[in-house]
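Asker: After the structure tokens below, expect a handful of questions from me.
Protein chains: 2
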Amino acid sequence: MEALPLSEPVLLILLSLAERPRHGYSILKNVEEMSGGRVRLSTGTLYGAIRRLLDGRWIERFKEDDSSRGRQAYRLTSQGRQILRQEVSRLKQLTRVASLCMAPKET
Amino acid sequence: MEALPLSEPVLLILLSLAERPRHGYSILKNVEEMSGGRVRLSTGTLYGAIRRLLDGRWIERFKEDDSSRGRQAYRLTSQGRQILRQEVSRLKQLTRVASLCMAPKET
DNA sequence: TCCAATATGTCGTTGTACGACATGTCGTAT
DNA sequence: ATACGACATGTCGTACAACGACATATTGGA
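This is the structure:
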């Protein structure tokens, strides 16, 4: 498995799906909420990313009981969850390094 | 000031310069070291990023006492340092959210 | 019945990352 | 002397992700 620096949009999408399966629009709103309103994904970004995540088997389609509308739910695959864990741990490592670099020098 | 999700290469370059002024090749080696050998920037990535960082006044050229060779050192501007602080705090926020999302549910 | 929110998707543009290529210097071992 | 690896800086083309703009359709409420 290669070293993969996930982009912020993709990371947030995966985190959103880590909680529970969601459909596209729900991801959009949840990402906005999670980021405190800072990140508002465009649908272009969202559905492009979903396409790539499906192709890579990081997420999969998920049948909702409420499929009354054209809604399509997605959920993490176990592989996707594993990658996400990896990525989050990379991020924590990065923040540790960052804190060291920016700490006031001396003793 | 806009919301800016820094890419990993750019973030590491800035962190490298947060410690002390460096020239290009030194950044290259330091980034590799900081990331535990995981991130090895290509020179294309490095000098492309340096160009953009100079243009945006996030970094500036810095005269080294040892300018015997063609070496050109760079350092963070105060603006660059401020943005870096912002970005690191954004990253910490992100890891906090991530931990919440991936925590085992209940109570 | 109009309108906002919900919901999904495509397309073209823009910019970044990156490998490949090009060039030159310095110090050291042969 | 010279060949070689590390040091050092840069350009170019390609591939791909992000994103705004656009297109469409449904649902619930004022």
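These protein sequences, in sequence, are chains A and B. Numbering-wise (this note's numbering), the first sequence opens with residue -6 and increments by one. Numbering-wise (this note's numbering), the second sequence opens with residue -6 and increments by one. Yeah, the Cβ is synthetic: ideal placement off N, Cα and C, and Gly gets one too.
Please name the residues in the region 67 to 91 of chain A whose beta-carbon is closer than 9 Å to at least one beta-carbon of chain B, in chain order.
Answerer: Those would be Arg74, Leu77, Arg78, Glu80, Val81, Arg83, Leu84, Lys85, Gln86, Leu87, Thr88, Val90 and Ala91, in chain order.
Asker: Which residue from Arg78(A), Val90(A), Ser35(A) and Leu84(A) puts its Cα closest to that of Ala96(B)?
Answerer: Closest by alpha carbon: Arg78(A).
Asker: Please go through the region 7 to 60 of chain A and give each complete beta strand (DSSP E) segment of 3 or more residues, from N-terminal end onward.
Answerer: Segments of the beta strand (DSSP E) lying fully in the region 7 to 60 of chain A: 52 to 55.
Asker: Out of Leu(-3)(A), Leu(-1)(A), Gly37(A) and Val24(A), point me to the one whose CA is closest to Cys94(B)'s CA.
Answerer: Checked all of Leu(-3)(A), Leu(-1)(A), Gly37(A) and Val24(A); the closest Cα to Cys94(B) is Val24(A).
Asker: Look at the Cβ atom of Gly37(B), then the Cβ atom of Trp51(B), and state whether they are nearer than 8 Å.
Answerer: No, they are not a contact pair.
Asker: Would you kindly work out how many angstroms separate the C-alpha atoms of Val3(A) and Leu34(A), rounded to a whole number?
Answerer: Roughly 10 Å separates the two Cα atoms.
Asker: Please report the distance separating the alpha-carbon of Leu21(B) from that of Leu39(B).
Answerer: So the two alpha carbons sit approximately 7 Å from each other.
Asker: From the DSSP output, in three-state form, read off Ala66(A) for me.
Answerer: Strand.
Asker: Is the beta carbon of Leu87(A) sitting closer than 8 Å to the one on Leu84(B)?
Answerer: Result yes, Cβ atoms of Leu87(A) and Leu84(B) sit closer than 8 Å.
Asker: Would you mind reading off the limits of the alpha helix (DSSP H) that contains Leu87(A)?
Answerer: That run of the alpha helix (DSSP H) goes Ser71 to Met95.
Asker: Closer than 7 Å, Cβ to any Cβ of chain B: which residues of the region 12 to 27 of chain A, in chain order?
Answerer: The region 12 to 27 of chain A vs chain B, Cβ under 7 Å: Glu12 and Met27.
Asker: Taking 8 Å as the CB-CB limit, is Pro(-2)(B) close to chain A?
Answerer: Judged by the 8 Å Cβ criterion, Pro(-2)(B) is in contact with chain A.
Asker: Do we get a CB-CB distance below 8 Å when we pair Leu8(A) with the residues of chain B?
Answerer: Yes - at least one Cβ of chain B is within 8 Å of the one on Leu8(A).
Asker: Interface residues of chain A around Glu1(B) at Cβ under 7 Å?
Answerer: Per Cβ cutoff of 7 Å: Pro(-2).
Asker: So Leu47(A) and Leu7(A) are supposed to be a Cβ contact under 8 Å. How far apart are they, rounded?
Answerer: Contact doesn't hold; Cβ gap of about 13 Å is too wide.
Asker: Which residues in the same chain as Leu53(A) place their Cβ atom closer than 6 Å to its Cβ, once the five residues preceding and following it in sequence are excluded?
Answerer: A quick correction: the sequence has Glu, not Leu, at residue 53(A). Result list for Glu53(A): Thr70, in chain order.
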